[in-house]
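Student: Line by line, the protein sequences are chains A and H.
This note's numbering puts the first residue of the first sequence at 1, with every later residue one more than the last.
This note's numbering puts the first residue of the second sequence at 113, with every later residue one more than the last.
Glycine residues also receive a C-beta, built at the ideal position from the N, C-alpha and C atoms.
One structure, pasted below without further comment.
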Amino acid sequence: RKEVEQDPGPFNVPEGATVAFNCTYSNSASQSFFWYRQDCRKEPKLLMSVYSSGNEDGRFTAQLNRASQYISLLIRDSKLSDSATYLCVVNLKMDSNYQLIWGAGTKLIIKP
Amino acid sequence: EADIYQTPRYLVIGTGKKITLECSQTMGHDKMYWYQQDPGMELHLIHYSYGVNSTEKGDLSSESTVSRIRTEHFPLTLESARPSHTSQYLCASSTGESTYNSPLHFGNGTRLTVT
C-alpha cells in the first residue's frame, strides 16, 4: 500500500462547478500537508499548505482530517485554467529529519 | 517566485554515456533536491542537500551522484546512462528556515531519453 494515495482521475467537470477530491495517508506521524499543482509536462508548484483548522485561499479550500488520515481540496466556481494534476504531499518526521512523501496526483479537466 | 534553473531542458543520449544534469538557484536556499518523475506517477527523491558539502541519498540514488560545492549549484551525474534512466528529472530548493513547512520551488525539469 502506498503511503500517500490519490484517485488518479481524470475528473471531468463543467466550468463553474464545484469539485472536491481527497488524499489519504497511512502514517499517523505525518506532520504537515500540502497541495501542489502540476500542469502537463511542467514542474509542480505549491498551491497551498493545509492547516489543522482548515484554510481557504480564494476559490480553494483545504481541509485536514487527522482522525481519518486524509486531506481534501475543494475548488469552487471552477475555471478552465484549473485544469491540471493536483499533487498531495505529506511531510513525515523520520528520526530527526522530515521527508516529503508525494502522491501520484489527481487529474482535473475543466470543460467549457 | 524562486529562480531555479535546470539545463539541459531535453537530452537524448546513448547507453553507457556519462551525463551531468545542471541545477542552479539564485535565491540562496540552503536545501536542494533532485526528484525523478515518470508520467502520471509520483515524484521519487534521488538526492538532497541541506547545505554546502552536505549530500544525502534518497530512494533512487544508487546509480547517480551529486555534489554541493557552492550553495547555488547542485549537479546530478549519471556515470553510465541506461534506458531505465529515461524519465523527467526535477530539481528543487527550499529556504530551510523551517523543515516542517518550507515549500519547494522547482526548476522546469530535464527530460532525459536514453537510447
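Pick helix, strand or coil for S81/A, following the three-state DSSP scheme.
Tutor: On the first sequence, position 81 is the one that residue 81/A refers to. In this structure, S81/A counts as helix in the three-state DSSP scheme.
Student: Going along the region 153-176 of chain H in order, which residues come within less than 7 Å of chain A, judged by CB to CB distance?
Tutor: If the cut-off is 7 Å between Cβ atoms, the region 153-176 of chain H has M153, E154 and L155 near chain A.
Student: Between the region 35-44 of chain A and the region 122-129 of chain H, do at least 3 Cβ pairs fall closer than 8 Å?
Tutor: The region 35-44 of chain A vs the region 122-129 of chain H: no contact.
Student: Taking its Cβ as the centre, do 16 or more other Cβ atoms sit within 10 Å of V164/H, making it buried, or is it exposed?
Tutor: Residue numbering aside, residue 164/H sits at position 52 when the second sequence is read from its first letter. Counting Cβ neighbours within 10 Å, V164/H comes out exposed, since fewer than 16 surround it.
Student: Report the rounded CA-to-CA distance for I109/A versus E15/A, giving the unit in angstroms.
Tutor: Stepping through the first sequence from its first residue, residue 109/A is reached at position 109. Stepping through the first sequence from its first residue, residue 15/A is reached at position 15. Answer to the nearest angstrom: the Cα atoms are 9 Å apart.
Student: Going by DSSP, name the residue or residues bridged to L133/H.
Tutor: Position 21 of the second sequence, counted from the start, is the residue given in the question as residue 133/H. According to DSSP, L133/H bridges with L188/H.
Student: Answer with yes or no whether the minimum CB distance from F218/H to chain A is below 9 Å.
Tutor: Here the question's residue 218/H lines up with position 106 in the second sequence. True, the Cβ-Cβ gap to chain A drops below 9 Å.
Student: Strictly below 9 Å CB to CB, what residues from chain A border L202/H?
Tutor: By 1-based counting over the second sequence, the position of residue 202/H is 90. Here the neighbours are E43 and P44.
Student: Is it buried or exposed for R180/H, if we count other Cβ within 10 angstroms and need 16 for buried?
Tutor: Position 68 of the second sequence, counted from the first residue, corresponds to residue 180/H. Buried, since its Cβ has 16 or more Cβ neighbours within 10 Å.
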